Amino acid sequence: MKTLLLTFECPPDVTGGGLCTYVQEYINAKIERREPTVILTADFNVHDEVCTYFGCVKVIRFNPSTGESFKHMGHWAAMSYEFSNQVKKIITDGFKPDWLEVCDGFGLGYFTLQRKLCLEAPFTDLKVLVTAHTPVTMIDEWDKKNIYELPTYFTKYMEQFCFQAADKVISPSAFLKKKLLTEFLEKDVPIDVVPNPYENPSTSLAPKTETSDNTQVQVYDIPDYAIASRVCYWKGIEHALAGFDLYWANGGQSSLYVYGSDTHYFKNNKSLTETLSTKYSKWIEKGLLKFAGLKEHSEILFIKKHLKALFHPSLFENYPYSVIEHMAEGGLVAASLSGGQAELIRNGENGFLFDPHSPKSIQDAILTIDALDDMQSRSITDNAIQTIKDTCSYATVMTQKEQVLATAEQNAPGSAFPFTSGKELTHAEAKDGSALTVVIPHYNLGALLIEAIESIKFSSLQDIKILVVDDGSTDKESVIILKTLEARYTNLKVIYKKNSGVAETRNIGVQNATTDYIALLDADDLVCVPYYEAALKILNRYSNVGFVGAWNEDFNQHGRLRLWPTFNPEVPLQMIMNTTNCQGLVVRRDAYLAHGQHDPNLGMFLDDWESTISMVLNGVRGVMIPHPLFKYRIREDSIFRDKFRMFNINYNYIIDKHQTQLSGCYGEMIKFLNANGPNTQYHNPTIPSANNTHHTSAPAPAAQHEGGRLVQLVHKYYDSVNQPGPIRNIRMGLRKLGAGQLAAHFRK
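Given below as structure tokens:
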């Protein structure tokens, strides 16, 4: 089976740790089975990419920062996007995997899955497996961190989406599976339990110091017991020390060393090591307790071989490799009941289990181990070695995984898009899945309207109907242009009405459209060639998708300002901050009329955002194509610039309007706002709120565009005609001489 594995940790750059060990064992298993495999990992120290071969396994290290994504998104969202770009390159270059596997951490597979579900080649045919190692936002919550801060809050969405969108999810333990389903995922996901692979335990590697005369073995200070893990709350260090404190207070003499990096303690925001050192200073002074800090992996391996037992007191744990390694190498393990390790250990037979919340239970485990003689210890460790062989051998694990994936391959593609939260409506199939009406509200923007119409004409979707609704224009040139356009194009119709505002104007346009699909487009905005065709493919594919959008490319008379990534609107994030190009969506007409009509009471400000909020809260869900296919013009006299002070007034109105539907979200919304501040202060959910702004004051460097040669040429065309200079001056001068006739001439 050909596989492609995505990981942000890969040996030998990183050693130790669960994910890194998993990747090493994965490579070994693939080599043993002679299965063609590509491992893709990030390395910010390489200039382009570096390839290393281990038999049938190819490891590709690439530098994500050389891509464009970091200009537009926060670290992990950008990482995910650059990984997806590399996946596209690998497949295009000829390696087509049977399965792509990705770890769950930081939502690394988010954009690969989003691009697949948006029906983008070559992602469409990918089978994606998500292997649970424990989502980082779940770990952060266990460690008492504030998961409502940006971008952590959105990272959780990314991680949840990967579980929902994958073709298959596996977990190494039933414990982690239960935690995912009860504490992390909002919707049920089928998860199979397949243990992590492990074989060939490392031989004893005693670090050596070379001298000119001979080689000397490094001497280490060896304790009786050790905890080898990061010093943080969820790893149970504090709880383990409570048990050892009871043991020492009752006369116990075995020593405990804690190896690992330090973290801050949530109760006092101080060093946890310092906090615990102060609390148990008397045992440190007696030499029974020592915080030894972070050590080299080889040193830890050597020390563990001389312990009475390795303690693993985690309050929550997936399927820890530190336990698996120690058992496989003939070491004795005492571990907490709270984790996947309890599925490996039979208390008193191949290790020991204790309740991490009970100091007496921990003390009893220590006393039992202290009392073991050599024969008893050997019997337990022999059983431990056999347990790992039976459970984690490459043959056992890979066979289980192949069986799970073979079953998943038989599953037909679903007709529903995987949203992570909220309710979903199912929509009837369109009578004509290729018919689209673009609704354009217009008021005194004739010169810019021509550009909007031209961009529609470039679309790869054929026979688009255009419905311009004029909101009582008073500009003579604009009126002439409308009449000329209406006479020129048989598929363009103009509805004339008295001035009543853009919200009612949009609604009238949709009400008068005759196709099942409609697209919203302001008269001063533009669309890129593939947008409408890509949007209709998604709407035709998924019965629970009511509208489709895309990334925005903001521009003004000087050219590009920025690229604004948009994201599938989820509850309640869409209620707090807009994550969609709501002014340019492609929508099911019936869904818009039922739940998305723009509210004139908002006075032409936030009415488009409120429309998406209303649709989402009523089960009309949306998908954002992760490419800049919509061009949003920032004008000096635009509504947003002129009336930004109205934000709070209109936002209050929106919240009041939907308060019944939002009642279940208020707690989460309050936590989010407390963590990030007022929602006027951030614009991009992938970036910390302190660095997040609504506007870019100066033009940003031009971004590269996805798509073919035609798409790029269209971008260059619009960039050139909007740049100040002779071309724009001639163009605008000719337009004033005869706008309608000239436009018709150029369209021939």
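Using the numbering used here, read the sequence shown as starting at 526 and increasing by one per residue. Glycine included, C-beta positions come from ideal geometry on N, C-alpha and C. Just so it is clear, the structure is predicted and the values come from calculations on it, not from any experiment.
What distance in whole Å lies between the Cβ atoms of residue j and residue i, which are believed to be in contact at a cut-off of 8 Å?
{"i": "Glu560", "j": "Val548", "result": "With a Cβ gap of about 15 Å, Glu560 and Val548 do not count as contacting."}
{"i": "Arg1114", "j": "Tyr1042", "result": "7 Å"}
{"i": "Gly632", "j": "Ser605", "result": "6 Å"}
{"i": "Ala1048", "j": "Leu970", "result": "4 Å"}
{"i": "Gly865", "j": "Glu842", "result": "6 Å"}
{"i": "Ile913", "j": "Glu874", "result": "About 14 Å; that fails the 8 Å criterion."}
{"i": "Gly785", "j": "Ala765", "result": "Contact flag wrong, Cβ pair sits at about 12 Å."}
{"i": "Leu642", "j": "Leu529", "result": "Going by Cβ atoms, the distance from Leu642 to Leu529 rounds to 18 Å, so no, they are not a contact pair."}
{"i": "Ile672", "j": "Ile747", "result": "About 39 Å separates the two Cβ atoms, so there is no contact after all."}
Could you tell me whether the Cβ atoms of residue i and residue j are closer together than 8 Å?
{"i": "Asn588", "j": "Asp618", "result": "no"}
{"i": "Phe964", "j": "Met1129", "result": "Note that residue 964 is Val in the sequence shown, not Phe. Against a cut-off of 8 Å, the Cβ pair of Met1129 and Val964 comes out as no contact."}
{"i": "Pro884", "j": "Ser861", "result": "no"}
{"i": "Gly1147", "j": "Phe1080", "result": "no"}
{"i": "Lys1346", "j": "Leu961", "result": "The shown model of the chain, from 526 to 1273, leaves out residue 1346, and the question about it has no answer."}
{"i": "Thr1137", "j": "Thr1091", "result": "no"}
{"i": "Pro622", "j": "Lys527", "result": "yes"}
{"i": "Val783", "j": "Ile762", "result": "yes"}
{"i": "Leu1061", "j": "Leu992", "result": "no"}
{"i": "Val1054", "j": "Lys1022", "result": "no"}
{"i": "Asn1202", "j": "Ser1214", "result": "For the record, residue 1202 in the displayed sequence is Gly; it is not Asn. Yes; because the gap between Cβ atoms is below 8 Å, this pair is in contact."}
{"i": "Thr1030", "j": "Pro966", "result": "yes"}
{"i": "Lys704", "j": "Tyr758", "result": "no"}
Can you give the Cα-Cα distance for residue i and residue j, rounded to whole angstroms?
{"i": "Phe679", "j": "Asp717", "result": "26 Å"}
{"i": "Gly947", "j": "Leu1142", "result": "8 Å"}
{"i": "Leu950", "j": "Lys926", "result": "35 Å"}
{"i": "Leu832", "j": "Leu826", "result": "11 Å"}
{"i": "Glu674", "j": "Asn610", "result": "28 Å"}
{"i": "Thr577", "j": "Val563", "result": "10 Å"}
{"i": "Lys830", "j": "Leu814", "result": "19 Å"}
{"i": "Glu684", "j": "Leu654", "result": "13 Å"}
{"i": "Gly1316", "j": "Met1102", "result": "Only positions 526 to 1273 of the chain appear in this structure, which leaves residue 1316 out of reach."}
{"i": "Lys596", "j": "His822", "result": "36 Å"}
{"i": "Asn908", "j": "Pro1151", "result": "52 Å"}
{"i": "Glu645", "j": "Lys681", "result": "24 Å"}
{"i": "Leu1046", "j": "Ser940", "result": "28 Å"}
{"i": "His600", "j": "Phe769", "result": "41 Å"}
{"i": "Tyr635", "j": "Glu1095", "result": "15 Å"}
{"i": "Leu1098", "j": "Tyr1117", "result": "21 Å"}
{"i": "Lys702", "j": "Ser696", "result": "6 Å"}
{"i": "Leu706", "j": "Lys1018", "result": "52 Å"}
{"i": "Tyr1057", "j": "Ser1003", "result": "26 Å"}
{"i": "Val532", "j": "Cys628", "result": "In the sequence as presented, Val is not what sits at residue 532; that position holds Thr. Whole-angstrom Cα-Cα distance: 6 Å."}
Quick one: grab the DSSP three-state call for residue i.
{"i": "Asp787", "result": "strand"}
{"i": "Thr945", "result": "coil"}
{"i": "Ile991", "result": "strand"}
{"i": "Phe620", "result": "coil"}
{"i": "Pro966", "result": "strand"}
{"i": "Ile468", "result": "No answer is possible for residue 468: the residues shown for the chain start at 526 and end at 1273."}
{"i": "Asn1126", "result": "helix"}
{"i": "Val1141", "result": "helix"}
{"i": "Tyr745", "result": "coil"}
{"i": "Val1035", "result": "helix"}
{"i": "Tyr846", "result": "helix"}
{"i": "Pro589", "result": "helix"}
{"i": "Met663", "result": "helix"}
{"i": "Met1100", "result": "helix"}
Once the 5 residues before and after residue i are set aside, which same chain residues still bring their CB inside 7 Å of it?
{"i": "Leu498", "result": "Look at the range of the chain in this structure, 526 to 1273, and you will see that residue 498 is not part of it."}
{"i": "Arg640", "result": "Ser609, Phe648 and Pro1151"}
{"i": "Gln1229", "result": "Any reading at Gln1229 must be qualified, since the residue scores a pLDDT of 39, below 50, and its modelled position is unreliable; the value itself is stated next. The residues are Glu593."}
{"i": "Thr677", "result": "Thr662 and Asp665"}
{"i": "Ser698", "result": "Val718, Asn843, Tyr844, Gly865 and Glu868"}
{"i": "Val1035", "result": "Val964, Ile1043, Arg1114, Tyr1117 and Leu1118"}
{"i": "Met1100", "result": "Ile1138, Leu1187, Cys1190 and Met1194"}
Once the 5 residues before and after residue i are set aside, which same chain residues still bring their CB inside 8 Å of it?
{"i": "Ala554", "result": "Pro722, Glu724, Tyr919, Val922 and Met923"}
{"i": "Trp1076", "result": "Leu1088, Trp1089, Pro1090, Thr1091, Asn1106, Met1149, Ile1150, Pro1151, His1152, Pro1153, Leu1154 and Phe1155"}
{"i": "Val539", "result": "Cys545"}
{"i": "Ser802", "result": "Ile809 and Phe816"}
Within a Cβ cutoff of 6 Å, which residues of the same chain sit near residue i, ignoring the five residues on either side of it in sequence?
{"i": "Val612", "result": "Thr637"}
{"i": "Val1112", "result": "Ile1043 and Phe1072"}
{"i": "Ala859", "result": "Ala834, Phe836, Phe877 and Ala890"}
{"i": "Asp1133", "result": "Cys1107 and Gln1108"}
{"i": "His1120", "result": "Ser1139, Met1140, Asn1143 and Val1145"}
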